[in-house]
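The sequence shown maps to residues 38 to 431 in the numbering used here.
Where a beta carbon is used, it is the ideal one built from N, C-alpha and C, also for glycine.
None of the values given here were measured: they were computed from a predicted structure.
Report on one structure; see the data block that follows.
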Amino acid sequence: MDLNIGTIREQIYKDSGLQNEIISNKIGAFQTILTERFAALEKELIERFSKLEMKLSNELGVNRTNQINSLNEFKDNLGNELNINFNRLNSTVESKLNAINNKVEERLMEGFKQTNKTFSSILERLSKIDEAQRKIESLSSNIVSLQDILTDKKSRGTFGEVQLNQILKSVFGDKSDSVFELQKKLPNSYIVDAVIKTPEPLGMVAIDSKFPLENYRKMINKDLTEDEQKRARREFKYNVKKHIDDISRKYIISEVTSNQAIMFIPAEAIFAEINAYHEDLVDYSRKHRIWLASPTTLMSVLTTVQVMLQNIERERLASVIHDELNKLGDEFLRYRRRWEKLKDRIERVSNDVKNVHITTEKISNKFDKISKAELMVEAESDVEILLEVPVDQN
38 MDLNIGTIRE QIYKDSGLQN EIISNKIGAF QTILTERFAA LEKELIERFS
88 KLEMKLSNEL GVNRTNQINS LNEFKDNLGN ELNINFNRLN STVESKLNAI
138 NNKVEERLME GFKQTNKTFS SILERLSKID EAQRKIESLS SNIVSLQDIL
188 TDKKSRGTFG EVQLNQILKS VFGDKSDSVF ELQKKLPNSY IVDAVIKTPE
238 PLGMVAIDSK FPLENYRKMI NKDLTEDEQK RARREFKYNV KKHIDDISRK
288 YIISEVTSNQ AIMFIPAEAI FAEINAYHED LVDYSRKHRI WLASPTTLMS
338 VLTTVQVMLQ NIERERLASV IHDELNKLGD EFLRYRRRWE KLKDRIERVS
388 NDVKNVHITT EKISNKFDKI SKAELMVEAE SDVEILLEVP VDQN
């Protein structure tokens, strides 16, 4: 019995050692296989990760390059378009300013030339008038000769009209229909010797020549008696007042002509006589808004009118320039508003590019995480497969 037990025990020990040896061999073989599988799996994971990393890097690089190229192209196109528009606007503004400047300079030069020409003509005429005045003063005792020449009223009227015509043309030039007009027929069918077309509120001013020479000659004739001279003086005043009344009645028309007119007296001596010794006639003419003028004073009045017309023309040109500058200012405001809108769009595009870049980075990071997660899942799957392999009992 003790022998059997010992034999059994010995057999058990022997079988147990053999079993342990078999198990040890199986475990060693399994460890070898597991080590080889892990090495192969690690190599495969490294290769896959490298390929995936290279692929993602290439795709991200291409995408980023495309985005940068697109953005640069957009900036270049935008910059070129802005430069073209700005240059075009500058050219337009410069051309308009040059045109306005040239037009103003041309008008000013024309005005200055005309003014110089007019003043030269006036000085020339004044010198001639002064010379004639000296001759008249030296021959004042022979005024009867003038009466011999101007034998009737028609001749005197023609003389006054011719002198008035010469004065008007010497001041305004031969072709000045827009400034004055001779033998103007008015709506009431009366014909006035001349009218001056001045701006409102003065309007069209009538000028009519009157030459009360006959009674003036009698009034200053020393050969007549005192009573005859007084009677001639009364008739002279009556004639002058009648002329004033006729001009006021015929040539001052409401809403057609000015509310005042000019009575042109062709003789300086008669004009001087009225202003020096007949103040009542001056007051009478003033009340009827009839202004008395001799050749010299009419020349001064017309010169003043011409200067006034030139100033009005300059003011009109200044108004045109002001309007053009206002329009140019509106264009600049419109350009500024459009630039502000374009700047906002550029800023929005820039912000969109930044957001796209951030999104790209996030997507790349997620790709990295996903790739790492897939590799870990594959590794765990391989380990499970190895563990399921049956152990060889032999």
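For a quick check, are the C-beta atoms of P303 and F248 less than 8 Å apart? Numbered from its first residue, the sequence shown carries residue 303 at position 266. Numbered from its first residue, the sequence shown carries residue 248 at position 211. Yes.
Contact defined as beta carbons within less than 8 Å: I believe H325 pairs with S285. What is the distance between those atoms, to the nearest angstrom? Stepping through the sequence shown from its first residue, residue 325 is reached at position 288. Stepping through the sequence shown from its first residue, residue 285 is reached at position 248. That belief holds up - the Cβ atoms of H325 and S285 are roughly 5 Å apart, short of 8 Å.
Nearest to I383 (by Cα), restricted to the options A77, R74, L108 and I64: Mapped onto the sequence shown, residue 383 falls at position 346. Nearest C-alpha to I383: L108.
Cutoff 6 Å; reference S322; Cβ partners in own chain excluding five residues on either side: Start at 1 with the first residue of the sequence shown, and residue 322 comes out as number 285. Its chain contains I281 and L329 as the residues whose beta carbon lies nearer than 6 Å to that of S322, once the 5 sequence neighbours on both sides are disregarded; these appear in chain order.
In chain order, what residues of the same chain have a beta carbon less than 6 Å from the beta carbon of L339, not counting five sequence neighbours either side? Translated into the one-based positions of the sequence shown, residue 339 becomes position 302. Taken in chain order, the residues that qualify are V208.
Please state whether the Cβ-Cβ distance between D245 and Y314 is less than 8 Å. Position 208 of the sequence shown, counting from 1, holds the residue named residue 245. Position 277 of the sequence shown, counting from 1, holds the residue named residue 314. Contact: no.
Let me make sure I understand the geometry here. Which of E292, S226, R270 and F301 has the alpha-carbon closest to that of G197? Taking the sequence shown and counting its residues from 1, one reaches residue 197 at position 160. If we check each option's Cα against that of G197, F301 comes out closest.
Which of the three DSSP states, helix, strand or coil, is assigned to Q347? Locating residue 347 in the sequence shown gives position 310, where the first residue counts as 1. Judged by DSSP in its simplified three-state form, Q347 adopts helix.
Mind checking who W328 pairs with in its DSSP beta bridge? As a first step, residue 328 is located in the sequence shown; it is residue number 291 there, counting from the start. Looking at the DSSP assignment, W328 forms a beta bridge with I299.
Taking all protein chains shown into account, decide if D230 is buried (16 or more other Cβ within 10 angstroms of its Cβ) or exposed. Counting from 1 along the sequence shown, the entry for residue 230 is found at position 193. Classification for D230: buried.
Compute the beta-carbon to beta-carbon distance between A243 and A298, rounded to the nearest angstrom, for a pair I have assumed lies under 8 Å. Within the sequence shown, the letter at position 206 stands for residue 243. Within the sequence shown, the letter at position 261 stands for residue 298. The beta carbons of A243 and A298 sit about 4 Å from each other, so the pair counts as a contact at 8 Å.
Outcome for Y275 when other beta-carbon atoms lying within 10 angstroms are tallied against a minimum of 16: Numbered from 1 along the sequence shown, position 238 holds the residue referred to as residue 275. Classification for Y275: exposed.
Enclosing beta strand (DSSP E) for L250 [first to last residue]: Here residue 250 refers to the residue found at position 213 of the sequence shown. Segment L250 to M256 is the alpha helix (DSSP H) holding L250; no beta strand (DSSP E) there.
Quick check: what's the CA-CA separation for I358 versus L365? Taking the sequence shown and counting its residues from 1, the one referred to as residue 358 is at position 321. Taking the sequence shown and counting its residues from 1, the one referred to as residue 365 is at position 328. Computed Cα separation, rounded: 10 Å.
Host beta strand (DSSP E) of K259 (start-end): Indexing the sequence shown from 1 puts residue 259 at position 222. Premise fails: K259 is in no beta strand (DSSP E) and is neither H nor E.
Closest by CA to L223, which one among V293, D283 and I83? The residue you call residue 223 lines up with position 186 of the sequence shown. It is V293 whose Cα lies nearest to the Cα of L223.
Do V141 and L354 have their beta-carbon atoms positioned less than 8 Å apart in this structure? For the purposes of this step, residue 354 is taken as the residue at position 317 of the sequence shown. For the purposes of this step, residue 141 is taken as the residue at position 104 of the sequence shown. A contact, by the Cβ cut-off of 8 Å.
Find out if the Cβ-Cβ distance for the pair I228, K234 is shorter than 8 Å. To locate residue 228, count along the sequence shown from 1; it is residue 191. To locate residue 234, count along the sequence shown from 1; it is residue 197. Going by C-beta atoms, I228 is not nearer than 8 Å to K234.
With a Cβ-Cβ cutoff of 8 Å, do I137 and E361 count as a contact? Your numbering for residue 137 matches position 100 in the sequence shown. Your numbering for residue 361 matches position 324 in the sequence shown. With contacts defined as CB atoms closer than 8 Å, I137 and E361 qualify as a contacting pair.
Tell me the DSSP bridge mates of M146? Start at 1 with the first residue of the sequence shown, and residue 146 comes out as number 109. In the DSSP assignment, M146 is bridged to no other residue.
Candidates S157, E84 and I166: which alpha carbon is nearest L334's? Reading the sequence shown from its first residue, position 297 is the one you call residue 334. Correcting the residue identity first, residue 334 is Thr in this sequence and not Leu. Cα-wise, what sits closest to T334 is I166.
What separation, rounded to the nearest whole angstrom, lies between the Cα atoms of Q266 and I290? Position 229 of the sequence shown, counting from 1, holds the residue named residue 266. Position 253 of the sequence shown, counting from 1, holds the residue named residue 290. Here the C-alpha atom of Q266 lies approximately 37 Å from the C-alpha atom of I290.
So F217 and V232 are in contact, right, with Cβ under 8 Å, and what is the actual spacing, rounded? Here residue 217 is taken as the residue at index 180 of the sequence shown, counted from 1. Here residue 232 is taken as the residue at index 195 of the sequence shown, counted from 1. Yes, F217 and V232 are in contact; Cβ-Cβ is about 7 Å, under 8 Å.
Reference L119; option with closest CA among Y372, S401 and N388: For the purposes of this step, residue 119 is identified with residue 82 of the sequence shown, where counting begins at 1. Looking at the Cα atoms, Y372 is the closest of the given residues.
What residue range does the beta strand (DSSP E) around A231 cover? Residue 231 sits at position 194 when you count from the first residue of the sequence shown. It spans I228 to K234 - the beta strand (DSSP E) in which A231 sits, taken as one unbroken run.
Assuming the contact rule is C-beta atoms closer than 8 Å, L318 and K278 should be a hit. Round their C-beta distance to whole Å, please. Here residue 318 is taken as the residue at index 281 of the sequence shown, counted from 1. Here residue 278 is taken as the residue at index 241 of the sequence shown, counted from 1. Confirmed, about 7 Å.
Range of the contiguous alpha helix (DSSP H) that encloses E436: As displayed, the chain neither begins before 38 nor continues past 431, which places residue 436 out of reach and without an answer.
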